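Novice: According to the working numbering, the sequence shown is numbered sequentially starting from 367. For every residue, glycine included, the Cβ atom is placed at its ideal position computed from N, Cα and C. Note that the coordinates shown come from a computational prediction; the quantities given were computed from them, not determined experimentally. Take this structure, written in structure tokens, and hold onto it; I'll ask about it next.
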Amino acid sequence: MNVLKLYLRSIGMLIKCQLQYPASFIMQMLTQLVMEGGEMLAVILIVDRFERLNQWSGANLFFFFGLMSVSFYITEFFGRGMTGDFPSMVRTGHLDTLLLRPRGILLQVLCSGTDPRRITCIAVGTTALVIGSRQSEVEWSLLKGLALAESILMSCMLILGLFMIEAIFSIHSVKSVELANAITYGGRSACQYPIDIYPRPLRVLFTVFAPFALTMHVPASWILGRPLYGWPVWTAFVTPLSGAVVFGIMTMFFNRAMKFYRSTGS
367 MNVLKLYLRS IGMLIKCQLQ YPASFIMQML TQLVMEGGEM LAVILIVDRF
417 ERLNQWSGAN LFFFFGLMSV SFYITEFFGR GMTGDFPSMV RTGHLDTLLL
467 RPRGILLQVL CSGTDPRRIT CIAVGTTALV IGSRQSEVEW SLLKGLALAE
517 SILMSCMLIL GLFMIEAIFS IHSVKSVELA NAITYGGRSA CQYPIDIYPR
567 PLRVLFTVFA PFALTMHVPA SWILGRPLYG WPVWTAFVTP LSGAVVFGIM
617 TMFFNRAMKF YRSTGS
């Protein structure tokens, strides 16, 4: 409880700092809105051009897009310290100061940054989710609501775990590794559409190695009434746990990598 209180207090202070310049903050939020709105426009164009993609209707595509957007940008909102700041901490030597404090390094890194500009992106994703669920005529129930909440939570843990790959590499190489971005940001772009529309190599990549299909697509397809690969109902609640597994594994590798950390001397 003390850890959560410390984290929320740190995030609150960071948000207040960014709000000290409201005009700049509003312009940046509008920029994010235009960028994410452009991505949603791409989905609208696909829906307008093609009536269906495999078994998926245009309304279903909105739902998948919204689920990915909400999950990804919630992670960036609260985990900016890990997603964008850690490699620069290593290069500038700022990480050294965190090692002197009586708290876990992972917690301090997460407390070091937030990105409230992502609120507009989350709003666009939520809008797409609402549009997709209404046009798909989803009959909501308590179980479906729980499946959606679990999917978003586990997807956030998965994305944060994948962002930790770049942090782990930067400990050893000092500089960030763009290959990690191919999995995270590339996965966001690819997996905002149903996984079964892609060729087998990509399906394997995003099911086994970066399991967006398990955390997002399996529960989403069940909610939409079109179970992916014909899998049974219980898979919609079990497969998302792979996000927690990935996060746990990456946390273990991150803590191990910190044992090899050497200051840059900056």
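Pick from V369, W588, L607: whose alpha carbon is nearest that of E505?
Specialist: For the purposes of this step, residue 505 is taken as residue 139 along the sequence shown, with counting starting at 1. Here the closest residue by C-alpha is W588.
Novice: Helix or strand or just coil, what does DSSP make of G423?
Specialist: Taking the sequence shown and counting its residues from 1, one reaches residue 423 at position 57. For the sequence presented, residue 423 should be read as Ser rather than Gly. In the structure shown, S423 sits in a strand (DSSP, three-state: E or B).
Novice: Using CA atoms only, rank isn't needed, just tell me which of S517, W422, G404, G552 is closest to V604.
Specialist: Residue 604 sits at position 238 when you count from the first residue of the sequence shown. For the residues S517, W422, G404, G552, the minimum Cα distance to V604 belongs to S517.
Novice: Taking the alpha carbon of G403 as the reference point, which residue from C487, L464, T617 has its own alpha carbon closest?
Specialist: By one-based count along the sequence shown, residue 403 stands at place 37. That would be C487, whose Cα lies nearest to the Cα of G403.
Novice: With burial defined as no fewer than 16 other Cβ atoms inside 10 Å of the residue's Cβ, what is the status of H583: buried or exposed?
Specialist: On the sequence shown, residue 583 is found 217 positions in, with the first residue counted as 1. Classification of H583: buried, given that the 10 Å Cβ count is 16 or more.
Novice: Just how far apart, CA to CA, sit A425 and R628?
Specialist: Position 59 of the sequence shown, counting from 1, holds the residue named residue 425. Position 262 of the sequence shown, counting from 1, holds the residue named residue 628. Taking the straight line joining both Cα atoms gives about 51 angstroms.
Novice: Considering only C-alpha positions, which residue in the set S536, A579, L464 is nearest to A623?
Specialist: Here residue 623 refers to the residue found at position 257 when the sequence shown is read from its first residue. Comparing Cα-Cα distances from A623 to each of S536, A579, L464, the minimum goes to S536.
Novice: Between the Cα of L519 and the Cα atoms of Y595, Q384, P606, which residue gives the shortest distance?
Specialist: Locating residue 519 in the sequence shown gives position 153, counting from the first residue. Nearest option by C-alpha distance: P606.
Novice: Am I right that R483 and Q474 are in contact with their C-beta atoms under 8 angstroms? What's the rounded C-beta distance?
Specialist: One-based indexing of the sequence shown puts residue 483 at position 117. One-based indexing of the sequence shown puts residue 474 at position 108. R483 to Q474, Cβ: 22 angstroms. No contact.
Novice: Given this structure, state the Cα-to-Cα distance separating A610 from L594, to the nearest angstrom.
Specialist: Position 244 of the sequence shown, counting from 1, holds the residue named residue 610. Position 228 of the sequence shown, counting from 1, holds the residue named residue 594. Going by the C-alpha atoms only, they are around 21 angstroms apart.
Novice: Quick check for students: name the residue ranges of the alpha helix (DSSP H) that lie wholly in the stretch 514-591, counting only runs of 4 or more.
Specialist: Those alpha helix (DSSP H) runs which fall completely within the stretch 514-591 and span 4+ residues are 544-556, 566-570, 584-589.
Novice: Which same chain residues end up closer than 8 angstroms to H608 when comparing Cβ atoms and leaving out the 5 residues on each side of it in sequence?
Specialist: Taking the first residue of the sequence shown as 1, we reach residue 608 at position 242. Reading off the sequence, residue 608 comes out as Ser, not His. M520, L524, P577, L580, T581, listed in sequence order.
Novice: Please give the ranges of any alpha helix (DSSP H) in the stretch 377-426, keeping only runs that are unbroken, at least 4 residues long and fully inside the region.
Specialist: Taking only runs of at least 4 residues, the alpha helix (DSSP H) segments lying wholly in the stretch 377-426 are 388-415.
Novice: Within a Cβ cutoff of 7 angstroms, which residues of the same chain sit near A586, ignoring the five residues on either side of it in sequence?
Specialist: Along the sequence shown, one-based indexing puts residue 586 at 220. F429, F430, L433, S517, listed in sequence order.
Novice: Taking just the CA atoms, how far does L419 sit from Y439?
Specialist: The residue given as residue 439 occupies position 73 in the sequence shown. The residue given as residue 419 occupies position 53 in the sequence shown. Whole-angstrom Cα-Cα distance: 25 angstroms.
Novice: Taking buried to mean at least 16 other C-beta atoms within 10 Å of its own C-beta, is S437 buried or exposed?
Specialist: Counted from its first residue, the sequence shown places residue 437 at position 71. Under this definition S437 is a buried residue.
Novice: Identify which residue in R469, A533, D481 has its Cα closest to the Cα of I392.
Specialist: Taking the first residue of the sequence shown as 1, we reach residue 392 at position 26. The candidate whose alpha carbon is nearest that of I392 is D481.
Novice: Nearest by alpha-carbon distance to C557: which of L590, R569, T463 is it?
Specialist: Indexing the sequence shown from 1 puts residue 557 at position 191. With distances taken between Cα atoms, C557 lies closest to R569.
Novice: Does the beta-carbon of F626 have 16 or more other beta-carbons within 10 angstroms, so that it is buried, or is it exposed?
Specialist: Stepping through the sequence shown from its first residue, residue 626 is reached at position 260. Answer is exposed; the Cβ neighbour count stays below 16.
Novice: Distance, Cα to Cα, L528 vs Y564?
Specialist: Along the sequence shown, read from residue 1 onward, the residue named residue 528 stands at position 162. Along the sequence shown, read from residue 1 onward, the residue named residue 564 stands at position 198. Going by the C-alpha atoms only, they are around 21 angstroms apart.
Novice: Excluding the 5 residues flanking V612 on each side, which residues of the same chain have their C-beta closer than 6 angstroms to its C-beta?
Specialist: On the sequence shown, residue 612 is found 246 positions in, with the first residue counted as 1. Same-chain partners within the cutoff: L524, G527.
Novice: Could you say which of L472, G591, A513, E532 lies nearest to Q548 if we only look at CA atoms?
Specialist: For this step, residue 548 is matched to residue 182 along the sequence shown. It should be noted that the sequence gives Ala, not Gln, for residue 548. When each option's Cα is compared against that of A548, the closest is E532.
Novice: Reducing DSSP to helix, strand and coil, say where S507 ends up.
Specialist: As a working mapping, residue 507 is identified with position 141 in the sequence shown. Correct three-state label for S507: coil.
Novice: Is it buried or exposed, A408, if we count other Cβ atoms within 10 angstroms and call 16 or more buried?
Specialist: Your numbering for residue 408 matches position 42 in the sequence shown. Counting Cβ neighbours within 10 Å, A408 comes out exposed, since fewer than 16 surround it.
Novice: Whole angstroms is fine: what's the gap from L472's alpha carbon to F620's?
Specialist: What you label residue 472 is simply residue 106 of the sequence shown in a count that begins at 1. What you label residue 620 is simply residue 254 of the sequence shown in a count that begins at 1. Distance between the alpha carbons of L472 and F620: 8 angstroms.
Novice: Could you check whether L372 and C477 sit closer than 9 angstroms to each other, using their CB atoms as the reference points?
Specialist: Locating residue 477 in the sequence shown gives position 111, counting from the first residue. Locating residue 372 in the sequence shown gives position 6, counting from the first residue. Contact flag set, yes.
Novice: Tell me whether V496 sits in a helix, a strand or coil according to DSSP, three-state version.
Specialist: By one-based count along the sequence shown, residue 496 stands at place 130. Residue state, collapsed to three classes: helix.
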